[in-house]
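**Student:** Take a look at the following structure, please.
There are 4 protein chains.
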Amino acid sequence: MDLTDFFSRDAYARLTGIRMIDVGQGTARVSMKIREEHLNSHGTVHGGAIFTLADTAFALASNSHGIPAAAINASITYMKAAREGELFADAGEFAENPKLATYVVTVTDDSGDRIALFQGMVYRKPKRDLVN
Amino acid sequence: MDLTDFFSRDAYARLTGIRMIDVGQGTARVSMKIREEHLNSHGTVHGGAIFTLADTAFALASNSHGIPAAAINASITYMKAAREGELFADAGEFAENPKLATYVVTVTDDSGDRIALFQGMVYRKPKRDLVN
Amino acid sequence: MDLTDFFSRDAYARLTGIRMIDVGQGTARVSMKIREEHLNSHGTVHGGAIFTLADTAFALASNSHGIPAAAINASITYMKAAREGELFADAGEFAENPKLATYVVTVTDDSGDRIALFQGMVYRKPKRDLVN
Amino acid sequence: MDLTDFFSRDAYARLTGIRMIDVGQGTARVSMKIREEHLNSHGTVHGGAIFTLADTAFALASNSHGIPAAAINASITYMKAAREGELFADAGEFAENPKLATYVVTVTDDSGDRIALFQGMVYRKPKRDLVN
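Residue numbers (the working numbering), protein chains in the order written: chain H, 2 to 133; chain P, 2 to 133; chain Z, 2 to 133; chain W, 2 to 133.
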């Protein structure tokens, strides 16, 4: 699978302003420049935007082996509010077997401070789209 | 807290096209009409968009008591891929104490099928913005 | 699958003093009388004991269809410390497809207060023991 | 806080046969020799026993600063079933602020294979026992 092409078809990542920096076997790094439109009612980056950034790194890393992978669940813990600058998400493969694999994604800001910790699991299946 | 005003300041929910339907004490219902821009590389609604929908219901429900609540973590499980139509997220308060509270959000499509199950925890604090 | 027999082979549930109360299609109720040996260093019921109680209800509910189900992940949120009396865990099926299913378990004490909320996912497979 | 003393008061860890190997500032390593009594109905180590092992490392690491810490939630992902030998859990502090902190625990077997990934959050409070 060509991951640049794969990423270019991700409309919600594009809407959110996410940029793909790097992808390897089971890894990915993406970033997002914080803009007004990412903020929530408290004036900090929306949990959904941080999740989407992490989830996009997770999707790239988990699809990097060329076998379509569908997210089955994910969790996120928020450490620090973000307001400006750029956020980065780095995904790595923690464990995998032929059907199921687990990824860990760390979200940091441009000072290197940890913003969030994300963990996601995928199911790899022959037919597409069992779950999103 | 006026929750209509609170919601109107949520820029990322607006970017995502989320509509507030109803808010009560510890509850909220929001919706999102699926558009091209919500899709991921597989052509189904992006996990981040589904999370953002659920997270927005969670934010409304958890801020409905008038005390600012900051999300500290959340998890989501995906049951079924969505491609078109409208999605709904219904948040309810599962448990709370003066500092910490847990919310459960169910995401359904317009046939009533379950799309995702979300759970989130907030911390209520005197000072704002400890975490996003 | 005979679930009474299935439960009788669960050695760690027995060590923990868990009792099976009821099992249905996709549901289960178990209980645990709090004893000294369930406590942690703070003198309250150990998170591991509460998890084990919930996980046992989850195992019964997810194996109730007669197809071996292996837990792939689980999360637990604690609401209230428990010190004495009896705890109950009630599991229900939230969603399922032929391969993956999600269960929600509520742990309550003998006053009916919510102690914990547990959520778990299983994978159903032809061959046994991919994961525990 | 003397963590050897703290650990010696953990009755459920003792019932489960957990041994404390090492504790540092924000870190802990514990182990469990697999015995018949740790098995579930499928004949593999019970998810509750693996969780309890990880949770005990988490409790030691999160209480290592001398301020009582109460677990508020935790998640676990299982990678591989275990049947015999010894399991190890290594906890580390991922992030903390004065009230909330996040720990990651990796469970491995005696060949170094990953068995489970655990993540937990604590709340540090002046008064004891808000949650277990």
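Even for Gly, the Cβ is constructed at its ideal location relative to N, Cα and C.
In this text, all values refer to a predicted model and were calculated from it rather than measured experimentally.
1. List the residues of chain H whose Cβ lies closer than 8 Å to the Cβ of Ile-73 of chain P, in chain order.
2. My output table needs one value for Ser-143 of chain Z: the three-state DSSP class, helix, strand or coil.
3. According to DSSP, Glu-87 of chain W sits in a beta bridge with which residue or residues?
4. Buried or exposed: which applies to Thr-5 of chain Z, given that a residue is buried once 16 or more other Cβ atoms fall within 10 Å of its Cβ?
5. Starting from the beta carbon of Phe-165 of chain W, find every residue of chain Z whose beta carbon is closer than 9 Å, and list them in chain order.
6. So Thr-103 of chain Z contacts chain P; which residues on that side make the cut at Cβ distance below 8 Å?
7. Give a yes or no on contact between the stretch 40 to 56 of chain P and the stretch 84 to 99 of chain P, applying the rule of three or more CB pairs nearer than 8 Å.
8. Under the DSSP definition of a beta bridge, which residues are partnered with Gln-120 of chain Z?
9. Determine the direct distance from the alpha carbon of Val-108 of chain Z to that of Ala-102 of chain H, and round the result to whole angstroms.
10. Just the C-alpha distance for Lys-81 of chain P and Glu-37 of chain Z, rounded to the nearest angstrom, thanks.
11. Got a sec, what are the start and stop residues for the beta strand (DSSP E) Val-23 of chain Z sits in?
12. Pick from Z:Ile-35, Z:Arg-15, Z:Ile-19, Z:Ile-77: whose alpha carbon is nearest that of Asp-110 of chain Z?
13. Ser-32 of chain H and Ile-22 of chain H: beta carbons closer than 8 Å?
14. Out of W:Lys-126, W:Arg-125, W:Leu-118, W:Glu-94, which has the shortest C-alpha to C-alpha gap to Gly-25 of chain W?
15. Specify, as a first and last residue, the run of the alpha helix (DSSP H) that Arg-15 of chain Z falls within.
16. Give me the chain P residues within the contact set of Phe-52 of chain H, using Cβ-Cβ distance strictly less than 9 Å, ordered along the chain.
17. Any beta carbon from chain H within less than 8 Å of Asp-11 of chain P's own beta carbon?
18. Using only the alpha-carbon positions, how far apart do Gly-48 of chain H and Glu-97 of chain P sit?
19. Beta-carbon within less than 6 Å of Arg-30 of chain W's beta-carbon, same chain only, minus the 5 sequence neighbours each way: which residues are those?
20. Along chain W, which residues have their Cβ under 9 Å away from the Cβ of His-39 of chain Z?
21. Count the other CB atoms, across all protein chains shown, that sit within 10 Å of the CB of Asp-11 of chain H; report buried if there are 16 or more and exposed otherwise.
22. Once DSSP output is grouped into helix, strand and coil, what is the label at Ala-71 of chain P?
23. Can you check which of these residues, H:Tyr-13, H:Leu-16, H:Thr-45, H:Thr-28, is closest to Gly-67 of chain H by C-alpha distance?
24. Excluding the 5 residues flanking Phe-119 of chain Z on each side, which residues of the same chain have their C-beta closer than 6 Å to its C-beta?
25. The alpha helix (DSSP H) spanning Ala-50 of chain Z covers which residue range?
26. Whose C-alpha, out of Z:Ala-72, Z:Asn-41, Z:Gly-86, Z:Asp-3, is nearest the C-alpha of Asp-114 of chain Z?
27. For a test of the three-state rule: what should DSSP assign to Thr-136 of chain W, helix, strand or coil?
28. Straight-line CA distance for Leu-161 of chain W to Arg-84 of chain W?
29. Decide if Pro-69 of chain H is buried, meaning its Cβ has at least 16 other Cβ atoms within 10 Å, or exposed.
30. So, is Asn-133 of chain H buried or exposed, given that buried needs 16 or more other C-beta atoms within 10 angstroms?
31. Is the beta carbon of Ala-72 of chain Z closer than 8 Å to that of Gly-121 of chain Z?
32. Am I right that Ala-50 of chain H and His-39 of chain H are in contact with their C-beta atoms under 8 Å? What's the rounded C-beta distance?
33. Per DSSP, Leu-40 of chain P is paired with what?
**Tutor:** The relevant details are as follows:
1. Listed along chain H, the residues sitting closer than 8 Å to Ile-73 of chain P by beta-carbon distance are Thr-78, Tyr-79.
2. The structure shown has nothing for residue 143 of chain Z, since chain Z only spans 2 to 133.
3. DSSP output for Glu-87 of chain W lists W:Lys-34 as bridge partner(s).
4. Exposed, since its Cβ has fewer than 16 Cβ neighbours within 10 Å.
5. Only positions 2 to 133 of chain W appear in this structure, which leaves residue 165 of chain W out of reach.
6. Residues of chain P passing the Cβ test: Thr-78, Met-80, Leu-118.
7. The stretch 40 to 56 of chain P is in contact with the stretch 84 to 99 of chain P.
8. In the DSSP secondary-structure assignment, Gln-120 of chain Z is bridged to Z:Ser-76, Z:Val-105.
9. Approximately 29 Å between the Cα atoms of the pair.
10. In a straight line, the C-alpha of Lys-81 of chain P is about 44 Å away from that of Glu-37 of chain Z.
11. Inspection of the sequence shows that residue 23 of chain Z is occupied by Asp rather than by Val. In the DSSP assignment, Asp-23 of chain Z falls within the beta strand (DSSP E) that extends over 19 to 25.
12. Its Cα nearest to that of Asp-110 of chain Z, the residue Z:Ile-35 stands out among Z:Ile-35, Z:Arg-15, Z:Ile-19, Z:Ile-77.
13. Cβ atoms of Ser-32 of chain H and Ile-22 of chain H: closer than 8 Å.
14. Taking the Cα of Gly-25 of chain W as reference, the smallest distance to any Cα among W:Lys-126, W:Arg-125, W:Leu-118, W:Glu-94 is reached at W:Glu-94.
15. Residues 12 to 16.
16. What Phe-52 of chain H touches in chain P: Gly-48, Gly-49, Phe-52, Thr-53, Asp-56, Ala-75, Ile-77.
17. Taking Cβ atoms only, chain H reaches closer than 8 Å to Asp-11 of chain P, which makes this a yes.
18. Gly-48 of chain H and Glu-97 of chain P: Cα-Cα distance of roughly 20 Å.
19. Same-chain partners within the cutoff: Ile-22, Asp-23, Asp-91.
20. Within 9 Å Cβ-Cβ: Ala-12, Tyr-13, Leu-16.
21. The residue is buried, with at least 16 neighbouring Cβ atoms inside 10 Å.
22. In the three-state reduction of the DSSP assignment, Ala-71 of chain P falls in the strand class.
23. The shortest C-alpha separation from Gly-67 of chain H is found at H:Thr-28.
24. Ala-55, Ile-77, Val-106, listed in sequence order.
25. The continuous alpha helix (DSSP H) containing Ala-50 of chain Z extends over residues 48 to 63.
26. Nearest C-alpha to Asp-114 of chain Z: Z:Gly-86.
27. Nothing can be reported for residue 136 of chain W, as the shown portion of chain W is limited to 2 through 133.
28. No answer is possible for residue 161 of chain W: it lies beyond the span of chain W, which begins at 2 and ends at 133.
29. Buried is the call here.
30. Note on Asn-133 of chain H: pLDDT 44, under 50, position unreliable in the model; no value is reported.
31. Their beta carbons are under 8 Å apart, which means Gly-121 of chain Z touches Ala-72 of chain Z by this criterion.
32. The C-beta separation of Ala-50 of chain H from His-39 of chain H comes to about 4 Å, placing the pair in contact by the 8 Å criterion.
33. According to DSSP, Leu-40 of chain P bridges with P:Val-46.
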